[in-house]
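Under this note's numbering, think of the first position of the sequence shown as 1, with each following residue one higher.
Each remark here refers to the structure printed beneath this line.
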Amino acid sequence: MPPKIIIFIPTRNTATTLKKTYQHIPECIRAHAAFIVVDNASSDSSVAVAHELGLPVIQHEKDRGYGGSNKTAFDYAQSIGADILVVLHSD
């Protein structure tokens with residue numbers, strides 16, 4: 001059985017770069033990984049862009065910082081039994 005791979009994309013006001021970042025991921029990788037966007041209280045359209053791309057989003061109402069976003073992603077990955085968690089910055 002292949003490993004369960006999660007690609008975590010932390011966002012905070014990265015609406016202008018998120019789509020381009022996602023589109024640069026090769027299709028062969030997208031086909032074998034699940035994605036999660038953890039949004040850190042963005043005031044732009046980062047969440048809307050993620051939804052347009054079909055990406056699931058966990059939103060922080062308050063800015064929890066980079067560490068807070070990582071903790072949320074790690075907790076999520078663990079809760080679904082992920083084997084590998086990859087962090088991909090959206091900028």
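All C-beta atoms, glycine included, are put in the ideal place defined by N, C-alpha and C.
Counting the other Cβ atoms within 10 Å of the Cβ of Ile-6 gives 16 or more, which makes it buried. Ile-84 counts as exposed, since fewer than 16 other beta carbons sit within 10 angstroms of its beta carbon. Taking 7 Å as the cut-off, the Cβ atoms of Leu-53 and Tyr-76 do not count as close. The beta strand (DSSP E) runs of length 3 or more contained entirely in the region 13 to 55 are, from start to end of the chain, 33 to 40.
Taking the C-beta atoms as reference points, Thr-14 is found no nearer than 7 Å to Ser-45.
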